[in-house]
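In what follows, a structure is listed as structure tokens, so that the remarks can point back to it.
Number of protein chains: 4
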Amino acid sequence: MSIRVGIVGISGFGGGEAMRLVASHPSFELIYAAGEGSAGSRLVDRFPGVPAKLAELVIGKWDPLTLPKLDVLFASLPTGASAEALARVPADVKIVDIGGDHRYVEGWAYGLADVWPAEIGGQTRVANPGCFPAATLSALAPLLVNKLIEPGNIVIDVKTGISGAGRGGADSKFGYAESNENLQPYGLLKHVHMPEIATTIERLSGGSAAGLVFTPHLVPMTRGVLATIYCRGRVTTDRCLDAARRFYANRAFVRVTDRPPQTKWATGSNLAFVSYAADPERNLVIAMGVVDNLGKGAAGQAVQNANLICGLPETAGLDGAPVWP
Amino acid sequence: MSIRVGIVGISGFGGGEAMRLVASHPSFELIYAAGEGSAGSRLVDRFPGVPAKLAELVIGKWDPLTLPKLDVLFASLPTGASAEALARVPADVKIVDIGGDHRYVEGWAYGLADVWPAEIGGQTRVANPGCFPAATLSALAPLLVNKLIEPGNIVIDVKTGISGAGRGGADSKFGYAESNENLQPYGLLKHVHMPEIATTIERLSGGSAAGLVFTPHLVPMTRGVLATIYCRGRVTTDRCLDAARRFYANRAFVRVTDRPPQTKWATGSNLAFVSYAADPERNLVIAMGVVDNLGKGAAGQAVQNANLICGLPETAGLDGAPVWP
Amino acid sequence: MSIRVGIVGISGFGGGEAMRLVASHPSFELIYAAGEGSAGSRLVDRFPGVPAKLAELVIGKWDPLTLPKLDVLFASLPTGASAEALARVPADVKIVDIGGDHRYVEGWAYGLADVWPAEIGGQTRVANPGCFPAATLSALAPLLVNKLIEPGNIVIDVKTGISGAGRGGADSKFGYAESNENLQPYGLLKHVHMPEIATTIERLSGGSAAGLVFTPHLVPMTRGVLATIYCRGRVTTDRCLDAARRFYANRAFVRVTDRPPQTKWATGSNLAFVSYAADPERNLVIAMGVVDNLGKGAAGQAVQNANLICGLPETAGLDGAPVWP
Amino acid sequence: MSIRVGIVGISGFGGGEAMRLVASHPSFELIYAAGEGSAGSRLVDRFPGVPAKLAELVIGKWDPLTLPKLDVLFASLPTGASAEALARVPADVKIVDIGGDHRYVEGWAYGLADVWPAEIGGQTRVANPGCFPAATLSALAPLLVNKLIEPGNIVIDVKTGISGAGRGGADSKFGYAESNENLQPYGLLKHVHMPEIATTIERLSGGSAAGLVFTPHLVPMTRGVLATIYCRGRVTTDRCLDAARRFYANRAFVRVTDRPPQTKWATGSNLAFVSYAADPERNLVIAMGVVDNLGKGAAGQAVQNANLICGLPETAGLDGAPVWP
């Protein structure tokens with residue numbers, strides 16, 4: 001019996017990727033789509049390559065009071081817009097919010113699925129982690145849980161493809177000619193993702209994340225996030241790799257690699273790649289995490305969370321290999 | 001019961017894409033892989049995101065005499081290399097040659113699957129069309145079969161992403177810094193794909209393709225082929241679109257669109273997009289065809305051909321939506 | 001004695017490039033700049049790398065009635081905006097309009113400087129050719145003047161970098177994520193540049209350009225235009241090259257090359273590259289023209305025109321080598 | 001009277017950029033060029049847009065014993081090749097080595113021209129800093145000299161365009177299809193540029209650079225380097241900016257900016273952009289430095305050094321604005 005799925009925010013990159021994943025999911029059936037920019041048009045008008053079975057589905061304007069009967073709703077709305085938009089969704093509709101409004105909000109589980117899968121099964125409201133936290137925390141979790149690094153002295157230098165800025169980001173600042181052949185740091189000392197990361201570091205380590213530094217950069221590519229994380233700890237590279245391999249044993253989506261991960265390894269997939277380079281003499285651990293910002297960083301992890309809350313195999317609809325090159 | 005599949009040329013882009021498609025195919029099981037550049041390494045060393053079930057498969061050196069028992073072999077070797085490499089493959093192994101050596105060669109079916117599916121079922125040797133013919137012929141077939149254009153007066157201006165040059169192409173001529181922000185015409189008046197296109201135009205039209213002009217261009221993107229084709233014919237745009245819609249009715253992979261197709265519509269899929277703009281007063285028909293050069297232009301059509309010769313549903317393993325953005 | 005220069009439309013790509021060229025021009029002094037988007041800010045706020053001597057110049061709102069005393073004004077405004085904006089500029093201010101409104105308008109010389117330099121000297125109002133005409137006509141002029149091709153049977157397939165769409169073009173259609181890894185045909189059978197090209201073909205050939213076909217494509221790169229032009233004529237490649245070398249003898253900015261030109265050859269320069277491939281037996285001539293759409297296609301040719309109308313050496317401020325890679 | 005200049009390594013990116021800058025230099029005359037890959041061809045064959053005056057210059061095979069009479073030689077050879085190649089150049093030929101072999105080698109001045117110009121004038125052997133040191137040290141120098149940060153606790157996360165890997169780098173690892181849409185960390189804990197940076201930090205600060213961490217990343221763009229540097233110090237952002245403005249007062253090529261610098265600001269120029277974000281309460285200073293890896297990071301600084309050793313104005317031939325977009 002198929003699970004009836006809706007997507008709100010389908011005009012955006014996150015919503016579009018959710019559509020792609022739902023379309024080829026063995027148990028999900030997309031029966032409802034809503035979006036500001038594209039309301040009134042058919043899915044095929046918006047996504048010319050959409051599977052034929054979904055081509056004629058008409059995108060609606062979002063109205064929580066006139067929803068069809070849904071089992072799961074994926075929400076991919078700009079930060080600040082989803083809290084109100086989702087408040088009146090019927091309680092029996094399970095929600096995975098890809099947007100930022102419900103992370104660490106009461107009544108919502110934090111959907112860091114590769115780290116805390118047990119917390120997600122049985123939930124009806126899940127807040128999906130952001131793309132920066134997804135890349136960063138995948139790499140840090142094994143070190144923090146095993147107390148291999150100091151939680152209070154972490155410097156995160158993160159780089160993202162431009163789809164991470166969202167379609168709303170397609171103003172002249174993110175126009176092709178300005179963004180191409182350009183590398184741009186932004187949001188220094190005050191990025192919106194910092195509290196989410198700090199809170200999770202503290203949950204994982206039991207210590208304070210007081211000294212956290214977080215610097216994002218826009219890279220001229222469409223997809224991909226790499227977090228290069230500088231930590232203090234007196235451990236070897238092998239000890240870090242070993243801790244990560246044990247931590248992610250039997251977890252489907254995190255790959256621990258000897259060599260530094262590249263963003264292209266994850267393109268189009270729900271995978272996260274983590275690696276480490278450490279020098280105990282210098283009290284230094286460099287942790288690296290790679291995800292596709294629209295995969296594990298958005299729609300991929302959202303489907304993984306939906307699988308968990310629906311009692312499906314965690315990998316359902318997510319087992320394709322990345323696109324290369 | 002699963003179909004035992006091998007891939008030779010897995011180090012290249014076409015072979016790598018075949019691996020990706022076979023890995024998520026419902027009936028295919030990859031049990032053998034060979035490649036020059038990567039012999040001796042495991043699939044996971046070459047493709048860090050490969051599904052876990054294939055991670056440990058060791059890439060071998062090609063030797064047709066020591067093959068395991070295979071049902072289907074995908075060959076993706078440089079043009080000139082596959083004729084000899086495949087000559088001694090046992091007759092009971094079905095072969096789809098993604099390379100160029102067997103197109104319009106006796107004993108080999110020409111695998112233009114969306115146009116002549118009936119010719120492919122039952123074959124054991126299929127030559128996959130090149131990426132330029134795939135984009136070009138998808139757009140021209142309905143016009144030629146319906147005699148809407150003159151077969152002897154066709155100008156093809158085709159543009160390809162740089163993966164079309166193959167990995168061997170990664171010499172300094174195709175290095176990132178030289179190719180990025182650069183648009184390069186090449187092979188004027190003498191491209192290797194011309195005879196294949198001319199022969200097919202003549203088969204489709206029954207006329208001579210004597211006046212054929214074909215000019216390829218290298219575009220600074222990884223994937224995608226667009227053919228912009230200038231023809232002579234006194235028909236309207238609607239008549240062309242209508243002919244194409246009827247020609248491709250019930251065909252799964254060709255989409256006829258009112259607006260000019262974009263290469264990104266097809267990325268990662270086996271789809272072909274075709275459209276037309278015509279002006280009968282000027283005796284002008286512009287036909288456009290878009291494919292992913294590694295999808296419909298290589299591994300996607302190869303899997304479609306393998307489905308046909310194995311008696312599987314044509315769309316098996318090929319029904320995912322394109323990756324966007 | 002320096003020539004007092006103003007630029008209106010400095011917020012745009014064309015105006016910005018004009019600023020770059022004027023800044024290093026031996027005889028020009030930039031004393032006035034106006035722009036919608038950036039009015040009120042200093043040049044250094046808009047262009048962080050602007051030479052120190054210009055850093056503090058404040059960008060004004062355009063008002064033709066309160067201009068300082070200028071010798072030359074460069075206008076780079078959206079098509080449709082410049083006719084009115086420039087109507088009330090004092091007659092003693094020489095104007096080079098980079099925008100489209102004054103091409104083939106009475107009272108304005110058409111500034112195809114490499115072909116008709118003599119028509120430009122002495123003028124006070126010059127309309128700069130568009131980037132597509134600049135690339136196309138540079139390649140066609142020698143063939144048309146020497147009657148080597150039929151003027152009535154020309155097919156132009158042109159490809160442009162995305163800065164050609166202008167900064168106004170940075171809506172979501174030209175956002176980085178949508179445009180990157182994407183190749184897009186547009187404006188089929190009705191592009192705004194067609195009449196300008198047709199009129200010039202007729203002036204050069206004395207014949208009718210009735211059959212002209214013109215198809216533009218957006219290529220994922222910032223700068224560069226390549227025109228691939230299919231013509232009818234019974235001449236050899238050598239005859240075409242020879243005609244072009246004679247036609248452009250003693251002309252500083254057009255390079256005739258044996259091999260097909262690449263867009264990167266022209267980046268950042270005022271150069272045009274032309275080449276040819278012909279087959280008399282097939283009555284076929286392929287002409288190719290390459291320019292930087294912001295150089296010869298906009299600000300470079302504008303400075304060249306300003307040099308001519310000011311009686312300066314044509315190459316003043318334009319003799320730098322292209323940027324490579 | 002013009003200064004006679006030679007370039008060895010002209011086939012590479014650094015040598016090519018040196019050619020571009022020398023070609024438009026008011027006092028330099030290029031009379032000799034040597035290169036492995038292009039020996040025997042004319043400059044115009046290698047650089048189709050080269051100024052006409054240099055077009056016919058034939059590239060020779062390097063032989064220090066048959067050099068024409070030169071005043072200045074620019075060497076841009078792979079690291080490891082220049083020590084031997086330059087050993088037998090006559091003592092009266094001034095050399096600027098863009099390659100890595102002579103940095104902090106006895107008898108060679110270290111050409112960090114914006115920081116120590118006085119040490120360079122009068123020298124005959126100058127080792128040009130690498131592109132990573134150029135970006136990093138431009139940002140750190142004012143902080144170190146003014147003791148605003150701890151020299152022993154510096155983490156450098158640096159990102160470079162792919163031309164930084166050199167043309168030799170155009171093997172499949174740096175092929176377009178593999179590098180595009182990909183972000184790659186490399187050389188962790190052991191990059192060749194580390195000792196050069198550590199030594200300079202110690203010279204600037206008088207302290208030990210023992211704790212230095214340096215992590216380079218390959219970014220999918222052709223040009224540009226950004227160094228994001230994490231330091232310990234209890235100062236405000238304004239104090240850092242003020243120190244830098246005073247340190248670089250009257251220096252032509254370093255721009256101190258309030259907002260984070262972007263790599264595109266420097267493209268094609270010899271400029272360096274530096275900025276800072278600090279939080280005294282957290283004992284944190286983030287320093288940022290941007291250069292064009294082929295400009296200030298290679299040929300631009302080399303010409304600046306040549307100007308200094310020839311007693312020319314430091315800005316001769318280097319005062320053009322960056323190329324934008």
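Chains as they are written, first to last, in UniProt numbering: chain A, 1 to 325; chain B, 1 to 325; chain C, 1 to 325; chain D, 1 to 325.
We treat Cβ as the ideally placed atom computed from N, Cα and C, and that holds for glycine.
#### Entry: Status (buried if at least 16 other CB within 10 Å, exposed otherwise) for Pro48 (chain C)
Mapped onto the third sequence, residue 48 (chain C) falls at position 48. So Pro48 (chain C) counts as buried.
#### Entry: Residue from D:Glu314, D:Leu318, D:Asn305 with nearest C-alpha to Ile95 (chain D)
Along the fourth sequence, read from residue 1 onward, the residue named residue 95 (chain D) stands at position 95. When only C-alpha atoms are compared, the closest one is D:Asn305.
### Task
Could you pull out every residue in the same chain whose Cβ sits closer than 7 Å to the Cβ of Arg223 (chain D), ignoring the five residues on either side in sequence?
Translated into positions along the fourth sequence, residue 223 (chain D) becomes position 223. Closer than 7 Å at Cβ, skipping near neighbours: Gly161, Ser163, Thr267, Asp292, Asn293, Leu294.
### Query
What's the call for Ser275 (chain C), buried or exposed, on a 16-neighbour Cβ count within 10 Å?
Residue numbering aside, residue 275 (chain C) sits at position 275 when the third sequence is read from its first letter. Buried, since its Cβ has 16 or more Cβ neighbours within 10 Å.
### Task
Please say whether Glu56 (chain D) and Arg42 (chain D) have beta carbons closer to each other than 7 Å?
Here residue 42 (chain D) refers to the residue found at position 42 of the fourth sequence. Here residue 56 (chain D) refers to the residue found at position 56 of the fourth sequence. In this structure, Glu56 (chain D) lies closer than 7 Å to Arg42 (chain D) by Cβ.
### Query
Looking only at its own chain, which residues have a Cβ that is under 7 Å from the Cβ of Leu308 (chain C), when we skip the five neighbours before and after it?
Within the third sequence, numbered from 1, the residue matching residue 308 (chain C) stands at position 308. So the list reads Ala113, Pro117, Ile120, Gly121, Glu314, once near-sequence residues are dropped.
#### Entry: the stretch 79-86 of chain D contacting the stretch 18-30 of chain D, beta-carbon criterion three pairs below 8 Å
These segments do not touch.
### Every unbroken alpha helix (DSSP H) inside the stretch 261-314 of chain B [4 residues or more]
300-309
#### Entry: Three-state secondary structure assigned by DSSP to Pro78 (chain B)
Looking up residue 78 (chain B) in the second sequence gives position 78. If DSSP states are grouped into helix, strand and coil, Pro78 (chain B) belongs with coil.
### Task
Assign Tyr32 (chain A) to one of three DSSP states: helix, strand, or coil.
In the first sequence, the residue the question calls residue 32 (chain A) occupies position 32. Tyr32 (chain A): strand per DSSP, three-state reduction.
### Query
Got a sec, what are the start and stop residues for the beta strand (DSSP E) Tyr230 (chain C) sits in?
Within the third sequence, numbered from 1, the residue matching residue 230 (chain C) stands at position 230. 225-231 is the span of the beta strand (DSSP E), which, as asked, contains Tyr230 (chain C).
### Query
For Ser76 (chain C) versus Gly289 (chain C), is the C-beta spacing smaller than 7 Å?
Position 76 of the third sequence holds residue 76 (chain C). Position 289 of the third sequence holds residue 289 (chain C). For Ser76 (chain C) and Gly289 (chain C), no; Cβs fall outside 7 Å.
### Message
By the DSSP assignment, the beta strand (DSSP E) with residue 371 (chain C) in it spans what residues?
### Response
There is simply no residue 371 (chain C) to check, as chain C begins at 1 and stops at 325 in what is shown.
### Opposing strand residues paired with Ile3 (chain A) [DSSP bridges]
As a first step, residue 3 (chain A) must be located in the first sequence, where it is residue number 3. In DSSP, Ile3 (chain A) forms a bridge with A:Phe28.
#### Entry: Start-to-end residues for the alpha helix (DSSP H) that takes in Leu241 (chain D)
Residue 241 (chain D) sits at position 241 when you count from the first residue of the fourth sequence. Counting along the chain, the alpha helix (DSSP H) containing Leu241 (chain D) begins and ends at 237-247.
### Message
Measuring straight from C-alpha to C-alpha, what distance separates residue 328 (chain C) and Val225 (chain A)?
### Response
The shown model of chain C, from 1 to 325, leaves out residue 328 (chain C), and the question about it has no answer.
### Span of the beta strand (DSSP E), counted from its first residue to its last, around Phe132 (chain A)
Numbered from its first residue, the first sequence carries residue 132 (chain A) at position 132. Counting along the chain, Phe132 (chain A) falls outside any beta strand (DSSP E), though it belongs to the alpha helix (DSSP H) covering 131-145.
### Task
Classify Gly122 (chain A) as helix, strand or coil using the three-state DSSP reduction.
As a first step, residue 122 (chain A) is located in the first sequence; it is residue number 122 there, counting from the start. Coil, per DSSP.
### Task
Could you check how far apart the C-beta atoms of residue 334 (chain D) and Trp324 (chain C) are, in whole angstroms? I think they sit under 8 Å.
This structure does not reach residue 334 (chain D), given that chain D is present from 1 up to 325, and the question cannot be answered.
### Cut-off 8 Å between Cβ atoms - residues of its own chain near Asp157 (chain A), not counting five sequence neighbours on either side
Taking the first sequence and counting its residues from 1, one reaches residue 157 (chain A) at position 157. Same-chain partners within the cutoff: Thr215, His217, Ala227, Thr228, Ile229, Tyr230.
### Message
In the DSSP output, which residue or residues are listed as bridge partners for Val44 (chain C)?
### Response
Here the question's residue 44 (chain C) lines up with position 44 in the third sequence. Note: Val44 (chain C) sits in no beta bridge, so no partner.
### Message
Check for me: the beta strand (DSSP E) holding Leu21 (chain C) runs from which residue to which?
### Response
Here residue 21 (chain C) refers to the residue found at position 21 when the third sequence is read from its first residue. Not the beta strand (DSSP E): Leu21 (chain C) falls in the alpha helix (DSSP H), residues 13-23.
### Query
Under the three-state reduction of DSSP, which class applies to Gly169 (chain D): helix, strand or coil?
Within the fourth sequence, residue 169 (chain D) is the residue found at index 169, counting from 1. Since pLDDT at Gly169 (chain D) reaches only 44, below the 50 mark, its modelled position is unreliable, and the value read off the structure follows with that caveat. If DSSP states are grouped into helix, strand and coil, Gly169 (chain D) belongs with the helices.
### Message
Quick check: Tyr110 (chain C) and Ala134 (chain C), are their CB atoms within less than 7 Å of each other?
### Response
Reading the third sequence from its first residue, position 110 is the one you call residue 110 (chain C). Reading the third sequence from its first residue, position 134 is the one you call residue 134 (chain C). Going by C-beta atoms, Tyr110 (chain C) is not nearer than 7 Å to Ala134 (chain C).
### Message
Can you give me the C-alpha to C-alpha distance between Val192 (chain A) and Ile98 (chain A), rounded to a whole angstrom?
### Response
Along the first sequence, one-based indexing puts residue 192 (chain A) at 192. Along the first sequence, one-based indexing puts residue 98 (chain A) at 98. Looking at the two C-alpha atoms, the distance is approximately 15 Å.
### Task
Assign residue 333 (chain D) to buried or exposed, taking buried as 16 or more other Cβ atoms, counted over all protein chains shown, within 10 Å of its Cβ.
The question about residue 333 (chain D) has no answer here: the residues shown for chain D are numbered 1 through 325.
### Query
Around the Cβ of Tyr104 (chain B), are there at least 16 other Cβ atoms within 10 angstroms (buried) or fewer (exposed)?
Within the second sequence, numbered from 1, the residue matching residue 104 (chain B) stands at position 104. Exposed is the call here.
### Top-ranked residue by Cα proximity to Ala210 (chain A), from A:Ala252, A:Thr199, A:Pro220
Sequence index remark: in the first sequence, residue 210 (chain A) carries index 210 (1-based). If we check each option's Cα against that of Ala210 (chain A), A:Thr199 comes out closest.
### Query
Would you report the Cα separation of Ala34 (chain B) and Glu106 (chain B), rounded to the nearest angstrom?
Residue numbering aside, residue 34 (chain B) sits at position 34 when the second sequence is read from its first letter. Residue numbering aside, residue 106 (chain B) sits at position 106 when the second sequence is read from its first letter. Distance from the CA atom of Ala34 (chain B) to the CA atom of Glu106 (chain B), rounded to whole angstroms, is 26 Å.
### Task
Let me know if Asp101 (chain C) comes out buried or exposed under the rule of 16 or more other beta-carbons within 10 Å of its beta-carbon.
Mapped onto the third sequence, residue 101 (chain C) falls at position 101. Counting Cβ neighbours within 10 Å, Asp101 (chain C) comes out buried, since at least 16 surround it.
### Message
Need the endpoints of the beta strand (DSSP E) that Ile156 (chain D) sits in, please.
### Response
By 1-based counting over the fourth sequence, the position of residue 156 (chain D) is 156. Where Ile156 (chain D) is concerned, the enclosing beta strand (DSSP E) stretches over 155-160.
### Task
Determine the DSSP secondary structure at Gly99 (chain D), reduced to helix, strand or coil.
Walking along the fourth sequence from the start, residue 99 (chain D) turns up at place 99. The DSSP-derived three-state label of Gly99 (chain D) is coil.
### Query
Where does the unbroken alpha helix (DSSP H) through Ala321 (chain B) begin, and where does it stop?
Numbered from its first residue, the second sequence carries residue 321 (chain B) at position 321. Per DSSP, Ala321 (chain B) belongs to no alpha helix (DSSP H) and is neither H nor E.
### Query
In chain order, what residues of the stretch 253-264 of chain D put their CB closer than 7 Å to some CB of chain C?
Of all residues in the stretch 253-264 of chain D, Arg255, Thr257 have a Cβ within less than 7 Å of some Cβ in chain C.
### Query
How would you list, in chain order, the residues of chain B whose beta-carbon sits under 9 Å from the beta-carbon of Thr267 (chain D)?
Start at 1 with the first residue of the fourth sequence, and residue 267 (chain D) comes out as number 267. Per Cβ cutoff of 9 Å: no residues; Thr267 (chain D) is ~11 Å from chain B at best.
### Task
Have a look at Gly175 (chain D) and Gln184 (chain C) and give me their C-alpha separation to the nearest angstrom.
In the fourth sequence, counting from the first residue as 1, residue 175 (chain D) sits at position 175. In the third sequence, counting from the first residue as 1, residue 184 (chain C) sits at position 184. Taking the straight line joining both Cα atoms gives about 24 Å.
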